[in-house]
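Visitor: Below you will find the structure I want to go over with you.
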Amino acid sequence: MKELETNFRAIIIIVIVSLASLFKAGFDHDVVYYLLALGLGGMAIISGKSNHGIGVSKNSPLVFFAIFVLWSALSFVWSIHYVRTIIELLQLVLVGLVFFVSFILDDEGKYKTITIVGLVSSLIALLGILEYIFISSGRIVSTFTNPNPFGTYLLILFLFYWGFTLRDTRKSLIAVSLIFIVSFFLTGSRGAYFALTIAIPILFLGIEKASKKAAVLKTVLIIGSGLGITRILMFVAPIIQKNLGLDLSIIDNLLRISSLIGSSSFGRLEFWKTALRVTVERPLTGYGLGTFFQSYYIGYGGNQWFSRFAHNHYLQTLAELGIVGFILFIAFIISTLYVFWKVYKSREYPHYFIGIIAAFIGFLAHIFIEFSWNFPAVTVTMFWMLGMGVGLDKFDGSFFVIKPIQLRIVSIMLLCLTIWQFGSNKAYLIGIEYAEQGRIEESTEVFKLINSVYPINSNGFKLEAENYYRLFSEDKDETTLQESILLMEKAITRAPYNSELHSNLGKLYQIKGDFSKAEEHYLIGVRYASYVTNRYVDLAQFYVATEEYDKAEDILLRADELKEFMIRSADSSMKDTITFNTAAINIMLYEVYSKLGVEEKIDEQRKELIKIGEELEMFWQYYDKTRFGL
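Encoded structure:
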């Protein structure tokens, strides 16, 4: 039975750490739910067959992390976006599951995971190198969606495996480390480079004085070799891609000097300022786990910057979980470092241990300037290592025993939460499909059923509200319109800082004829819109409809100041579309000035529209020039 448990635990680690990395690094990907179901279901089964408990020190990092997760779960009560809080909570559960299972692995299980995870992750890194050679000579992402988290992933893997290599010179470890460092450089993540310089000295802890010089030399050689191979790839890749005229500089490609004092740095500073502004508004509890993207609107600085993440996990924790959550997070880090210090002082640790410490220091440094924590593959990989390291602690003093029945009950409860979250969101697709087919009443019944068993989703109530509005458009029944309004209000209670929901509710009240309520929600929509000009246009259209042209002009001029921010923030493939959409601001200004009869300003807007037409060929294909006196 013991051998079965060992093998099963090792399989859980291997599957979770490997598969999370293969599918968009688990970032907003369903693989997280599948892995949770597999891991939690497996734990429930294996614990049901076990007859011995698991001892844990009361001062263990496992305990501190569990308390942090419990506080994160409690934040659901005051969360400003319930669904996102549940999503992030389940990701924390996945991380905690890996941490716990890795903690209870025996030596045989640990070495199995080190071997197989090393193989899988080196193939992922190699894929990134091949991507650079054969597809695009830019920053590599491999199976990830962003080069910066990929840089963190490679950083902790290199530090871990190279720390192992310095104490166990198997050729396979050297080869794996070399693949990691080459692909690491090709990510172009300056934050990861910074973290590497912070963590590198840790690798030499515990090495005898006589051997330290050789260890430093080997490290210089592996990094130098990585840089050399990277330079060769920079020369070879354009040739292979038949791009002979491309002149690549290794320094510029790795450091991107042109942007060192550019948008990237200024953007981060603004994200940090916003996180601090948000924290001041609700310092003790924060706005709920995973809600930074919504609370950002509260601290928005009226500029071109907006981010889903704070690019600093410590500040993001402050904003989302308040001072209490921040202290719990720091307590977990300190308790982990304390355990590592005890293990290090004992001098009784395996060859891979120091690499874990170095990886953790590098990880902590990088999440100070990046959002890598929010990529499950990065975090579960780090916590797999942490579990192995913390599990080396031969704790003394007080401890408690986790009984198999307790482990089984918790696993089943969390499994049910996972199924509820995943199943409910997938069920919405049925209603959406019915709506697309024009089967509105059937679609509405589906949404109504889902919202009754999953009443936390603002988008679910929004979908149901939209269906009632469609029905109202056909039957003109005021009760149907009122039902749509009530449902949209329910959506807002579940996501109070969602500007689109407020604007939608404003339109419904406008149709009803309640102009006071309509204006109230249009204004809230603008307040939480940051630089999304659509909300400004919605409010301006309301003022035009109520013939309040001065107010319409004022709101449109505010939108006109922000539209460049919206265009600049758009993905390159979407810039033309966004530019076309923001032209609505100038079209409305033209029409407002036409109503007011201000010829000079009419002419200004006409010139602006001509300029837009010169930039976008499709503009005059869509609009008639005569409409603007051209």
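Numbering (this note's numbering), first residue to last: 8 to 637.
All C-beta atoms in this analysis are idealised placements derived from N, C-alpha and C, irrespective of residue type, glycine included.
Note that the structure is a prediction, hence the values are computed from the model and not measured.
Could you check whether the region 207-227 touches the region 169-178, counting it as contact only if at least three pairs of C-beta atoms, one from each stretch, sit closer than 8 Å?
Guide: yes
Visitor: Beta-carbon within less than 7 Å of ILE437's beta-carbon, same chain only, minus the 5 sequence neighbours each way: which residues are those?
Guide: The beta carbon of ILE437 sits closer than 7 Å to those of VAL453, all from its chain and outside the five residues before and after it, given in chain order.
Visitor: Measuring only the C-alpha atoms, how far is SER418 from LEU104?
Guide: 9 Å
Visitor: Give me, in chain order, the residues of the same chain whose beta-carbon lies closer than 6 Å to that of ILE364; leave out the 5 immediate sequence neighbours on both sides.
Guide: Taking ILE364 as the centre and dropping the five residues before and after it, the same chain places the C-beta of ILE209, PHE347 closer than 6 Å to its C-beta, in chain order.
Visitor: Can you give the Cα-Cα distance for GLY445 and LEU478, rounded to whole angstroms?
Guide: Each residue's alpha carbon lies about 11 Å from the other.
Visitor: Across the region 537-545 and the region 572-592, are there enough close Cβ pairs to call them in contact, namely three or more that are closer than 8 Å?
Guide: yes
Visitor: Three-state secondary structure (DSSP) at GLU148?
Guide: First, the amino acid is wrong: residue 148 is Val here, not Glu. The answer is coil: DSSP assigns VAL148 none of H, G, I, E or B.
Visitor: Using the three-state DSSP reduction, which class does VAL605 fall into: helix, strand or coil?
Guide: coil
Visitor: Considering only the beta carbon of each residue, do ALA132 and ALA372 sit closer than 9 Å?
Guide: no
Visitor: Return the residue from the list PRO290, GLY308, SER353, VAL533 that minimises the CA-CA distance to ALA326.
Guide: PRO290
Visitor: Between the beta-carbon of SER79 and the beta-carbon of THR92, is there less than 9 Å?
Guide: yes
Visitor: Between the Cα of GLU277 and those of ASN310, GLU471, GLU448, PRO154, spot the shortest distance and give me the residue it belongs to.
Guide: When each option's Cα is compared against that of GLU277, the closest is ASN310.
Visitor: Let's test the definition: count the other Cβ atoms within 10 Å of the Cβ of GLU598 and tell me whether it reaches 16, buried, or not, exposed.
Guide: buried
Visitor: Could you check the C-alpha separation between ILE229 and THR204 for me, to the nearest Å?
Guide: 14 Å
Visitor: Identify the residues that DSSP records as bridge partners of ILE61: which are they?
Guide: ILE409
Visitor: For a quick check, are the C-beta atoms of PHE191 and SER129 less than 9 Å apart?
Guide: Result no, Cβ atoms of PHE191 and SER129 do not sit closer than 9 Å.
Visitor: How about VAL124 and LEU99: do their beta carbons lie closer than 9 Å?
Guide: no
Visitor: Hey, ASN640 and SER465 are a contact pair by Cβ (cut 8 Å); roughly how many whole angstroms apart?
Guide: In this structure the chain extends from 8 to 637, so residue 640 is not present and cannot be described.
Visitor: Have a look at LYS65, THR500, ASP578, VAL460 and flag the residue whose alpha-carbon is nearest the alpha-carbon of LYS469.
Guide: THR500
Visitor: Would you mind listing the alpha helix (DSSP H) stretches within the region 289-376 that are 4+ residues and don't spill past its ends, in chain order?
Guide: 299-306, 320-353, 360-373
Visitor: Just curious, the alpha helix (DSSP H) that GLU568 is in, first and last residue?
Guide: 556-576
Visitor: Does the region 508-522 come close enough to the region 548-558 that 3 or more CB-CB pairs lie under 8 Å?
Guide: Contact holds: three or more Cβ-Cβ distances are below 8 Å.
Visitor: Between the C-alpha atoms of VAL22 and LEU42, what's the straight-line distance to the nearest angstrom?
Guide: C-alpha separation (whole angstroms): 8 Å.
Visitor: Measure the C-alpha to C-alpha separation of ILE439 and SER450 and round it to an integer number of angstroms.
Guide: 7 Å
Visitor: How many Å lie between THR487 and GLY308 at the Cα?
Guide: 40 Å
Visitor: Roughly how many angstroms lie between the CA atoms of ILE638 and LYS524, to the nearest whole one?
Guide: A question about residue 638 goes unanswered here, because the residues of the chain that appear run from 8 up to 637.
Visitor: Can you tell me whether LEU112 is helix, strand or coil according to DSSP?
Guide: Coil, per DSSP.
Visitor: Rounded to the nearest angstrom, what separates LEU422 and ILE52 at their Cα positions?
Guide: 12 Å
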